[in-house]
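Enquirer:
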Amino acid sequence: MEAATPLRHPRVHVLMGRVILENVVVDDPATAAYIDRRISAGDDPVAVVNDAIEVGARILEREQSAVDAEFVKNEFEKVSREVETAFTDKARVVAEFFGTKVDEVFGEENGHLARELQRLFGEGSTAAVQHQLREVMRDQSARMREDLLRQFSSADGNNPLADFKAAHLRTAREAATRQEAQLEAVREQMVALKLELAGLRSEREKAAEVAAEHARGTAKGRPYEEAVADAVDAIARAQGDDADAVGDFRGGGGRKGDVLVDIDGCAGTPRGRIVFEAKNSRRSRKEALGDLEEAMAQRAADYGVWVVPSEEQLPARVDGLREVGGDKMFVVYDPEDGSRLALEVAYSLARARVLMAKGGVEGLDAPALRAEVERALGAMDDVRKIKLHLTNAAGGIEQARTVLDGMAERVRSHLAQISTLIEEAGESSP
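Counting with the working numbering, you get residues 8 to 437 for the letters of the sequence shown.
Dropping the structure here:
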């Protein structure tokens, strides 16, 4: 008997990144045909087989990866559907639970919150908050009214209106006394008005004559500025001052200013300057002050005096013999009137103001000078009042003129006292 030939089994070994094949037969016509063509083409059989195995292994690896990915995807989708189903069921249960609880708490009719709000704020509930607040406010208001009534009705020091009531009673008594005095003054004024009414016709005639006379100028036919210059010159000579009519001469930049007075100019170097601006027409306050400023600047004067012939020609809101800015004054001087008393007062006040500002009267009793100035101005007010009565009451002209002359003498005495105070202070100064 012949011995059987032992068959070699195919073996595949993977060692150190390499594949070793033994007795491996590939039973695939396509593979065999491909390798045969490559060998016929002259390729290395071993290299062709290696390429075929390597390429096939890569293809199989990719296919296996795709199969694994598809498997994982299918498993994930299945698990996701299960989780989604379970979550949906759980969420439905939770939503139903919370919905039930919300209805129990916030239900419009039977909810706990609605019932509690109805109990606390309902109109028909006795425990409602607004009812409780109303009761508390009513009690507090009644208590406060009682406390205020008790406090304001008491006569002791706890009543804050005690001083007010006493002051009110005192003021009422004083007002009654003043009213009685005012009524008496009104009665006296009524008597004076009756006299004034009796002389209205003559007053109108006299006013017409005065207006016509003013339109014609002064009685001698001279311009008003010349009449003012003559009056100022006469007053200046009596004071030892030097007065010049400078209206026709150009000063430092213009011809503003009609009369320039050098204080103590007759005795040597002048101690100050006063400029007079005479106007026979009415100007506005702003324009008059501007002209005085320019006149003072162009004539290097320390004080400016604006002179007009009547009260009606003074600027609006300006009274005669009232200072403006401490270095300007407005005064009324009518040459027709025959009295230059107001001009003398303005001259003396301006002269005293300049000398005090220059500091050349050390030792001057300022309070005494101020008192004399105030008395002079007060006397001038009396003079104006008497003039008004003279104009309105024709029947008492002679008597009033006598009083007027007395008042004028008083004013001149005050002016003389002012000059005396200034001269004494000047003599006592080193």
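Even for Gly, the Cβ is constructed at its ideal location relative to N, Cα and C.
The structure displayed is predicted, hence computed values, not measured ones.
Would residue 270 and residue 355 qualify as a contact pair, given that the criterion is a beta-carbon distance under 8 Å?
Expert: Here the question's residue 270 lines up with position 263 in the sequence shown. Here the question's residue 355 lines up with position 348 in the sequence shown. Taking 8 Å as the Cβ cut-off, residue 270 and residue 355 do not qualify as a contacting pair.
Enquirer: Cutting at 6 Å between CB atoms, please list the residues of its own chain near residue 55, excluding the five before and the five after it.
Expert: Residue 55 sits at position 48 when you count from the first residue of the sequence shown. 42, 45, listed in sequence order.
Enquirer: Identify every residue that forms a DSSP beta bridge with residue 284.
Expert: As a position in the sequence shown, residue 284 is number 277, starting the count at 1. Its beta-bridge partners are 313.
Enquirer: Give the straight-line distance between the Cα atoms of residue 216 and residue 302, rounded to the nearest whole angstrom.
Expert: Here residue 216 refers to the residue found at position 209 of the sequence shown. Here residue 302 refers to the residue found at position 295 of the sequence shown. Between residue 216 and residue 302, the C-alpha separation is close to 34 Å.
Enquirer: Along the chain, where does the beta strand (DSSP E) containing residue 303 start, and where does it finish?
Expert: Here residue 303 corresponds to residue number 296 of the sequence shown, with the count starting at 1. No beta strand (DSSP E) contains residue 303, which is instead part of the alpha helix (DSSP H) from 292-305.
Enquirer: Would you call residue 74 buried or exposed, if buried means 16 or more other Cβ atoms sit within 10 Å of its Cβ?
Expert: Locating residue 74 in the sequence shown gives position 67, where the first residue counts as 1. Residue 74 should be labelled exposed.
Enquirer: I'd like to know whether the C-beta atoms of residue 212 and residue 285 end up nearer to each other than 8 Å.
Expert: On the sequence shown, position 205 is the one that residue 212 refers to. On the sequence shown, position 278 is the one that residue 285 refers to. No, they are not a contact pair.
Enquirer: Can you tell which of 281, 326, 295, 294 has the C-alpha that lies nearest to the C-alpha of residue 309?
Expert: In the sequence shown, counting from the first residue as 1, residue 309 sits at position 302. The shortest Cα separation from residue 309 among 281, 326, 295, 294 belongs to 281.
Enquirer: What first and last residue would you give for the alpha helix (DSSP H) that runs through residue 365?
Expert: In the sequence shown, residue 365 corresponds to position 358, counting from 1. Residues 348-365.
Enquirer: Would you tell me roughly how many angstroms separate the C-alpha atoms of residue 234 and residue 242, rounded to the nearest one?
Expert: The residue you call residue 234 lines up with position 227 of the sequence shown. The residue you call residue 242 lines up with position 235 of the sequence shown. Each residue's alpha carbon lies about 13 Å from the other.
Enquirer: According to DSSP, is residue 234 part of a helix, a strand, or is it coil?
Expert: What you label residue 234 is simply residue 227 of the sequence shown in a count that begins at 1. Three-state result, residue 234: helix.
Enquirer: Measuring alpha carbon to alpha carbon, tell me which residue in 230, 208, 66, 238 is nearest residue 346.
Expert: Reading the sequence shown from its first residue, position 339 is the one you call residue 346. That would be 238, whose Cα lies nearest to the Cα of residue 346.
Enquirer: Quick check: what's the CA-CA separation for residue 198 versus residue 328?
Expert: As a working note, residue 198 is residue 191 in the sequence shown. As a working note, residue 328 is residue 321 in the sequence shown. Approximately 30 Å, taken between the alpha carbons.
Enquirer: Need the endpoints of the beta strand (DSSP E) that residue 25 sits in, please.
Expert: The sequence position of residue 25 within the sequence shown is 18, counting from 1. That run of the beta strand (DSSP E) goes 25-29.
Enquirer: Out of 414, 59, 28, 16, point me to the one whose CA is closest to residue 35's CA.
Expert: Within the sequence shown, residue 35 is the residue found at index 28, counting from 1. Minimum Cα distance to residue 35 is reached at 59.
Enquirer: Taking buried to mean at least 16 other C-beta atoms within 10 Å of its own C-beta, is residue 27 buried or exposed?
Expert: By one-based count along the sequence shown, residue 27 stands at place 20. Answer is exposed; the Cβ neighbour count stays below 16.
Enquirer: Suppose you measure from the CA of residue 139 to the CA of residue 108; what does that come to, to the nearest Å?
Expert: Position 132 of the sequence shown, counting from 1, holds the residue named residue 139. Position 101 of the sequence shown, counting from 1, holds the residue named residue 108. Their backbone Cα atoms lie some 32 Å apart in a straight line.
Enquirer: For my contact list, residue 338 and residue 349 are in at a C-beta cut-off of 8 Å; report their separation, rounded to the angstrom.
Expert: Locating residue 338 in the sequence shown gives position 331, counting from the first residue. Locating residue 349 in the sequence shown gives position 342, counting from the first residue. Right, the Cβ-Cβ distance comes to about 5 Å (below 8 Å), so this counts as a contact.
Enquirer: What's the gap between the Cα of residue 253 and the Cα of residue 266?
Expert: Residue mapping note: residue 253 aligns to position 246 of the sequence shown, counting from 1. Residue mapping note: residue 266 aligns to position 259 of the sequence shown, counting from 1. Rounded to whole angstroms, residue 253 to residue 266 spans 6 Å at the Cα level.
Enquirer: Could you tell me which uninterrupted beta strand (DSSP E) segments, each at least 3 residues in length, are contained entirely in the segment 33-66, listed from first to last along the chain?
Expert: As far as the segment 33-66 is concerned, it has no whole beta strand (DSSP E) run of at least 3 residues.
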